[in-house]
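Peer 1: A single structure is presented below for examination.
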Amino acid sequence: MCMVIFAPIFAICAFATCGGYSGHLQVKVDCADRRHSNRSINIDFGYPFRLHQVHFKAPLCDVKRGEILFLDGDFSPAAQFFVTVGVFAFLYSLLATIVYVFYQNKYLKHNRGPLVDFVVTVIFSFMWLVSSCCWAKALSDIKTATNPTQVLLLISACRSQENKCAVTEEPLWSRLNTSAVFGFVNVVLWVGNIWFVFKETGWYKTGQRYPTRSASGKRSSEMRQRLYSESSFEQPEEGFSLSRQNSFNQSKGDFGAQVQRQASINQPQVSFSLPQTYLGKPVIYDREDKVVSKGPMIFVNEM
Numbered sequence: 001m002c003m004v005i006f007a008p009i010f011a012i013c014a015f016a017t018c019g020g021y022s023g024h025l026q027v028k029v030d031c032a033d034r035r036h037s038n039r040s041i042n043i044d045f046g047y048p049f050r051l052h053q054v055h056f057k058a059p060l061c062d063v064k065r066g067e068i069l070f071l072d073g074d075f076s077p078a079a080q081f082f083v084t085v086g087v088f089a090f091l092y093s094l095l096a097t098i099v100y101v102f103y104q105n106k107y108l109k110h111n112r113g114p115l116v117d118f119v120v121t122v123i124f125s126f127m128w129l130v131s132s133c134c135w136a137k138a139l140s141d142i143k144t145a146t147n148p149t150q151v152l153l154l155i156s157a158c159r160s161q162e163n164k165c166a167v168t169e170e171p172l173w174s175r176l177n178t179s180a181v182f183g184f185v186n187v188v189l190w191v192g193n194i195w196f197v198f199k200e201t202g203w204y205k206t207g208q209r210y211p212t213r214s215a216s217g218k219r220s221s222e223m224r225q226r227l228y229s230e231s232s233f234e235q236p237e238e239g240f241s242l243s244r245q246n247s248f249n250q251s252k253g254d255f256g257a258q259v260q261r262q263a264s265i266n267q268p269q270v271s272f273s274l275p276q277t278y279l280g281k282p283v284i285y286d287r288e289d290k291v292v293s294k295g296p297m298i299f300v301n302e303m
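Okay, here's the thing in structure tokens:
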């Protein structure tokens with residue numbers, strides 16, 4: 001949104017202050033001969049700053065005729081490049097504003113709009129940087145070429161000490177200085193806008209979907225996962241072992257009760273056994289030697 005609001009305004013300010021500039025320089029030549037005194041010379045220049053084509057007529061004090069002089073330097077490439085970048089940046093900003101407002105769905109479809117916008121923004125950021133630096137250097141050279149001292153040195157009459165030359169009017173540079181400042185402001189604006197356009201692309205979303213974790217974060221995550229798995233599997237084992245032990249104890253108790261019932265049934269059988277016949281000497285057996293059995297028993301004594 002910052003490009004939509006501020007980029008067209010600063011682009012207009014940049015190329016308008018540079019492209020619409022016109023400077024004026026005026027010098028006066030006083031010859032030793034009074035007949036050629038008080039000669040004012042007007043020098044006008046402006047965009048695209050082809051100073052080698054700017055000419056003016058200066059008097060020759062020793063003769064009645066004058067001479068035609070030209071300024072030095074051609075700074076049109078840097079100035080025209082700066083203005084061209086500003087115009088195209090302004091047009092693209094207007095186009096982007098229309099797309100953002102009226103064609104938002106088509107802009108986001110298949111992620112082509114954000115990718116194209118990102119590439120164009122990077123290109124304009126680089127172009128603004130190059131053009132602003134070139135224009136700042138050219139502006140410094142223009143000031144040097146139109147310096148009143150340099151202009152007076154071009155006039156032959158001013159080289160003589162008998163004649164007097166002076167500057168009556170100097171060009172104003174505030175407008176061109178402002179254009180250079182607006183150029184670097186556009187650099188900051190477009191470079192900062194790269195981040196906002198990058199957030200609309202799929203590259204930013206992909207990076208947010210799979211964030212990178214540090215080693216400590218990975219260790220803590222593994223520890224939480226291990227604790228979760230141990231706590232989830234320990235409870236079923238304890239419940240299963242407890243139920244198994246309870247069932248074993250219950251079966252053991254049932255088996256003990258069954259043995260007790262069988263012993264209680266066998267005890268009356270032993271106590272109510274039938275009378276037995278012994279041949280020979282009667283033999284007395286201790287109770288400890290008695291054999292308990294479920295059926296009838298026959299004891300045979302040795303003869």
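Residue numbers (full-length UniProt numbering): 1 to 303. Every residue gets a Cβ at the ideal spot worked out from N, C-alpha and C, and that includes glycine.
1) Across the stretch 110-119 and the stretch 173-183, are there enough close Cβ pairs to call them in contact, namely three or more that are closer than 8 angstroms?
2) Would you mind sorting Val-188 into buried or exposed? The rule is 16 or more other CB atoms within 10 Å of its CB.
3) Closer than 6 angstroms by C-beta to Lys-281: which residues in its own chain qualify, once you throw out the five before and the five after it? Chain order, please.
4) Return yes when the Cβ of Leu-25 is within less than 8 angstroms of the Cβ of Thr-146, no when it is not.
5) Go ahead and label Tyr-103 buried or exposed: buried means 16 or more other beta carbons lie within 10 angstroms of its beta carbon, across all protein chains shown.
6) Tell me, to the nearest whole angstrom, how far the beta carbon of Ala-138 is from that of Phe-75; I am working on the premise that it is less than 8 angstroms.
7) To test your reading of the DSSP string, which unbroken beta strand (DSSP E) runs of 3 or more residues are found completely within the stretch 130-173?
8) Determine the burial state of Ser-22: buried for a count of at least 16 other Cβ atoms within 10 Å of its Cβ, exposed for fewer.
9) Would you identify the three-state DSSP class for Gly-23, choosing helix, strand or coil?
10) Could you compute how far the alpha carbon of Ile-98 sits from the alpha carbon of Cys-18?
11) Say whether the stretch 78-96 touches the stretch 125-133, bearing in mind that this needs 3 or more beta-carbon pairs closer than 8 angstroms, one atom from each stretch.
12) Just the Cα atoms here: how many angstroms apart are Arg-39 and Phe-56?
13) Below 8 angstroms on the Cβ atoms is my contact criterion, and I expect Glu-166 with Cys-31 to pass it. Report the Cβ-Cβ distance as a whole number of Å.
14) Is any heavy atom of the ligand ATP found at a distance shorter than 7 angstroms from the C-beta of Tyr-100?
15) Name the one or two DSSP bridge partners that Ser-40 has.
16) Anyone know if the C-beta pair for Val-151 and Ile-43 falls short of 8 angstroms?
17) By the DSSP assignment, the beta strand (DSSP E) with Phe-75 in it spans what residues?
18) Taking Leu-108 as part of the alpha helix (DSSP H), name the residues at either end of that continuous run.
19) Mind checking who Pro-59 pairs with in its DSSP beta bridge?
Peer 2: From the atom records:
1) no
2) exposed
3) With a pLDDT of only 48 at Lys-281, under 50, the local geometry of the prediction cannot be trusted, and no value is derived from it.
4) yes
5) exposed
6) 4 angstroms
7) 164-169
8) exposed
9) strand
10) 27 angstroms
11) yes
12) 12 angstroms
13) The question names Glu, yet the displayed sequence has Ala at residue 166. Actually they are not in contact, since the Cβ atoms of Ala-166 and Cys-31 sit about 13 angstroms apart, beyond 8 angstroms.
14) Ligands are entirely absent from the displayed structure, and the ligand ATP is therefore not among its contents.
15) Lys-28
16) yes
17) Here Phe-75 belongs to no beta strand (DSSP E), and DSSP marks it neither H nor E.
18) 104-108
19) Gly-66
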